[in-house]
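First up is the structure itself, then whatever we jot down about it.
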Amino acid sequence: MKRIIILLFLITNSLWAQVQFEAKVSKNSLGVNERLRIEFTMNADGDNFQPPNFESSGFKVVGGPSQSVSQSWINGRSSFNKSYIYILLPTQKGAMTIKQASIEINGQVYKTSPLKINVTNAVEVPKDPNNMPAISADDNLYLVADISKTNPYLNEPITVVYKLYFSYNIGITNWRELNKPKYNDFWSQNIDIKQLKAEDGLFKGERYRYVVLRKTVLYPTKSGKLEIEPLSLDIDCQVPTNRRNFWGQALMTEDSKRVSAGSKVINVRALPEAGKPDSFSGAVGKFDFKVRPSKTTLKNGESLDLDVSVAGTGNLKLFTLPKPVLPSALEMYDPVHDENVSTPLTGMTGKIADKYTIIPQYKGNYQIKPLEFTYFDLGTGRYKTITSQPITITVLDGPGAAVTANANPNDVAKTKVEVAKTFAYNKQKTSLQPIAKDDFLGSGLFYSLLFLPFLAIPLLVVVKKKKEALDNDVVGNKIKKSNALAKKYLSEAKKQLGNKELFYIALEKAMHNFLKAKLHIETSEMSKDKIREILHSKNAQSETVTAFIQLTENCELARYAMSSESAIQQDYEKAVDIISELEKQIK
């Protein structure tokens, strides 16, 4: 009996003990290249642990969460301790604040205090001699921007190819863009890279592997010194250590490195002023110029199309085509512009054209003056002018004698020109309606509207019975609803099936949006264990929950891994099946 009383006293004392929930960090000031250990501890077991959003605080998670639980009895007193541990890496310098974490203990929510962390410039970090890397990532990882030409002419194409070189001794696990390059005062076009592929190459006289990350074609739009801002990456990698396993192989350790291609300066030369014709409108490259009419002989009221086109290689989208000059007797409408241009690494190539519709007003012969097109030839460094042939348009008939294009101006004043009636034939047919109309009452339309509701009664009965049968099909309706819901959330991912990176971004967002809508939670702030716990509490099957979490975890890795179109299609179909199953299972 005495022991029972003592035990009850200890339990009561434990329940009334003060609950503590706090956050501790390994240091309050660190370099931007150092790692921070943060530990959330509590002296009572709780549920619904919510860590702070580390990314919004200027950190990224590189380790954890790991969990530690300890319980002991000393001199009849019990103690309990539970911890969640994260390893963080700063993403920027300055004074940072790690926000509150929360947990629910005995039905009450507890929160930690915000922590102030000062992130300084990079510092020299002492190495653990037992885990010292055999090589440094600094000497085995490089980001390079290859520029085809650093002193081009204005509107001359240049290419920028970003390559990530890494030695055979290290492995790349992931990378993120920190700063994207900006091309101020350039017309730019990115070349799509469908699949990243590691290749062998030479760098600094040694053999390296490299991956082409980005290809861009640039056209400078102004002369002088133009700067291309750098591309910067944060790279996670594995490097060998001095330790060996049982078979003598070097053990690997995780490392990270930030690399930058560095800013580049392009010295753009202005086009020469000497010998520049008045007809020059900015075309640079090598082109062919043509002016073609659809026909040169036509009748009054007919029209013709005049096609002004330039084909070749150069800055096809950065200049204007010459405009034809016509006699006043030919009416010309605004052109329809057409472009058939592709942009490979060598620069724009293809054809642009302006198509004019021309309608003559009078009978006679009219001449369209020659057009001039001038471009700067990069091969010879000179301006070249192409002149089209004059075009004579013959109108066979018309409302009156029109004055030819070569007529004397003094004779024009004496010539009497009749008013054109080119489109008068459009009004030669009439459509008259009688004033007196039959009464509606007693007409065929009257009786049709009268008996139509009675004829529709059997149809309504059939439709109602079919609807009732469909409503009673609970399983079928639920399956249809589940499939429709899956397609709703995955519609954006389906649009990006041809683009691997955008597909997996949309797929991951769709999976999380589904949980957010069904469970009314913010999944971006929840752990995998919490999502698994909630789904199980909603009667979701373990296989489906595991498949859901595995698919969301693989989305980030799949964006950078090699994958075929069939693998992407399989992931999409797998997501449809998982969402459909969860919709049927969640209650």
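Residue 17 is where the sequence shown starts when you use my numbering, and the numbers rise one by one after that.
Beta carbons are placed, not taken as given, at the ideal position from N, Cα and C, and that holds for glycine.
Nothing here was measured: the structure is a model prediction, and the numbers come from that model.
Item	Value
N- and C-terminal bounds of the alpha helix (DSSP H) containing F56	It is not in any alpha helix (DSSP H) - F56 instead sits in the beta strand (DSSP E) that spans L52 to M58.
C-beta atoms of P246 and A277 nearer than 8 Å	yes
Segment contact, 8 Å Cβ cut-off, at least three pairs: the segment 267 to 287 with the segment 222 to 229	no
Proximity below 8 Å, CB of I368 to CB of E347	no
Selected residue, minimal CA-CA separation from D252, among V479, L105, E508 and N529	L105
V14, DSSP secondary structure in three states	With the chain running from 17 to 603 in the structure shown, residue 14 is simply not present.
Buried versus exposed, by CB contacts within 10 Å (16 or more), A526	buried
Exposure of F467, with buried meaning 16 or more beta-carbon neighbours within 10 Å	exposed
First and last residue of the uninterrupted beta strand (DSSP E) at N122	N122 -> no beta strand (DSSP E), and no H or E assigned at all.
Cα-Cα separation between Q601 and L531, rounded to whole angstroms	13 Å
DSSP three-state assignment for V357, whether helix, strand or coil	strand
Residues sharing a beta bridge with F202, DSSP	P236
Rounded separation between K231 and L180 - CA only	12 Å
Simplified DSSP assignment, three categories, for I595	helix
Complete runs of the beta strand (DSSP E) confined to the segment 167 to 232 [at least 3 residues]	174 to 182, 187 to 195, 202 to 207 and 215 to 219
Presumed contact (8 Å Cβ cut-off) between L249 and E193, rounded CB distance	6 Å
Other residues of its chain near N424: CB distance less than 8 Å, five sequence neighbours each side excluded	Here N424 scores only 47 on pLDDT, less than 50, and its place in the model should not be relied on; the value that follows carries that caveat. Result list for N424: empty, nothing under 8 Å.
Delimiting residues of the beta strand (DSSP E) encompassing K98	R93 to P106
Where the alpha helix (DSSP H) containing N529 begins and where it ends	K516 to L535
DSSP-derived helix/strand/coil call for P474	helix
Identity of the residues DSSP links to C253 by a beta bridge	I188 and D271
Three CB pairs or more closer than 8 Å across the segment 107 to 127 and the segment 83 to 90	no
Inside the segment 276 to 340 only - beta strand (DSSP E) runs reaching at least 3 residues	280 to 284, 296 to 309 and 320 to 330
Chain-order list of residues whose beta-carbon lies under 6 Å from that of P386 (same chain, five-residue window excluded)	T403, S404 and P406
Same chain, Cβ closer than 7 Å to K292, neighbours up to 5 away in sequence not counted	Y399
Identity of the residue in S344, F335 and T362 nearest H353 by Cα	F335
Residues sharing a beta bridge with N69, DSSP	Its beta-bridge partners do not exist; DSSP assigns none.
Burial state of K480 (16 or more Cβ within 10 Å)	exposed
S553 versus S118: straight-line alpha-carbon distance, rounded	21 Å
Proximity of V604 and F392 at Cβ, strictly below 8 Å	The question about residue 604 has no answer here: the residues shown for the chain are numbered 17 through 603.
Cα-Cα separation between V592 and D370, rounded to whole angstroms	47 Å
Proximal residues to P67 (C-beta, below 6 Å), its chain only, five neighbours per side dropped	A117
Alpha-carbon to alpha-carbon, H528 and T568	8 Å
Own chain, CB closer than 7 Å to E388, minus 5 neighbours either side, in chain order	S295, P338, T401 and T403
Classification of I584 by the beta-carbon crowding that lies within 10 angstroms, buried from 16 upward	buried
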